Amino acid sequence: MPKKRKVAVDAKNKQSNFLKNEFLEFFKSEINCHTIGRVISYDKVHHRCDVQPLPLQSDGDKRAALTEVIVPASVWQMDTFFKKICANKNVNLDGYKPMAISSVVWVGFCDREMDNWSGKNNYKIDTKRMHSIQDAVIEAVIEP
């Protein structure tokens, strides 16, 4: 029968405090889920844009721009649809504005890398990259 310990393994809670206070904060800082940003360039032909994240870094500087962000069909098809409707002089859609440069958007980051993604087919994952700012997708237009 094993002997009972007289002293606790982590009597001063150093390990548990490290895990709770430092490691958990570091871990959370490495996972990208969503951010808000401003469109700084927009390629309407290939449905890609560059986005400047609006939250500043801790030192007050701007964050690096997100490049080649995917603009989903749910955004660009609506813009195309409303543009055609607005061309009809009998239809008045006051207030409608399509996504454009300077639009404020909600950006999400894919769980896995999207380097080999090209449309509707399954694709091979070549890296262990997860929740990376390199795998960004526009999820919504907040302010056109």
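Take the sequence shown: its position 118, counted from the start at 1, is 289 in the numbering used here, and no numbers get skipped. For every residue, glycine included, the Cβ atom is placed at its ideal position computed from N, Cα and C. Keep in mind it's a predicted model, so treat the numbers as computed, not measured.
With a contact defined as Cβ atoms closer than 8 Å, Val276 and Ile309 qualify at about 5 Å. Note on geometry: alpha-carbon atoms of Ala236 and Ser212 lie some 10 Å from one another. Within the region 198-254, no complete alpha helix (DSSP H) segment of 4 residues or longer occurs.
For the pair Asn292 and Leu195, the Cα-to-Cα distance works out to about 36 Å. Looking at the DSSP output, Phe280 sits in a beta bridge with Ala307. Per DSSP, the continuous alpha helix (DSSP H) segment holding Lys185 begins and ends at Lys185 to Asn188. Cβ atoms of Arg219 and Val246 stay farther apart than 8 Å, at about 12 Å. Under the three-state reduction of DSSP, Ile313 is assigned to strand. The Cβ atoms of Gly290 and Ala307 do not sit closer than 9 Å to each other. Residue pairing by DSSP places Met301 opposite Arg283 in a beta bridge. Secondary-structure assignment with DSSP links Val180 through no beta bridge to anything.
Around the C-beta of Gly266, fewer than 16 other C-beta atoms lie within 10 Å, and the residue is accordingly described as exposed.
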